[in-house]
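Numbering (our numbering), first residue to last: 364 to 443. We treat Cβ as the ideally placed atom computed from N, Cα and C, and that holds for glycine. These numbers were taken from a predicted model, which means no experiment stands behind them. Read through the structure below, which is laid out as structure tokens, and then see the notes.
Shown next, in the form of structure tokens:
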């Protein structure tokens, strides 16, 4: 099993246990959620590039008072 697969399994477990609502008492402002975005980025770009893209996404997720979800899919070509 690769490290990427292990990280994705851990994220899936986090999602099954309730995700950000259960752990932090908040709901993700984005669609797909930050955890799903991370799984998709890891699957598409591998561990290191996928994590970089995901961390940049999570850093943008700071508006606790957002009234609507923002559609923000994994980019087709990541910025370097």
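The C-alpha of residue 413 lies about 10 Å from the C-alpha of residue 419. The continuous alpha helix (DSSP H) containing residue 402 extends over residues 397-408. Bridge partners of residue 393 according to DSSP: 433.
With distances taken between CA atoms, residue 380 lies nearest to 398 out of 364, 392, 365 and 398. Cβ neighbours of residue 394 within its own chain (closer than 8 Å, five residues either side excluded): 432, 433, 434 and 435.
Straight across, the Cα-Cα distance linking residue 377 with residue 439 is about 26 Å. Collapsing the DSSP output to three states places residue 368 in a helix.
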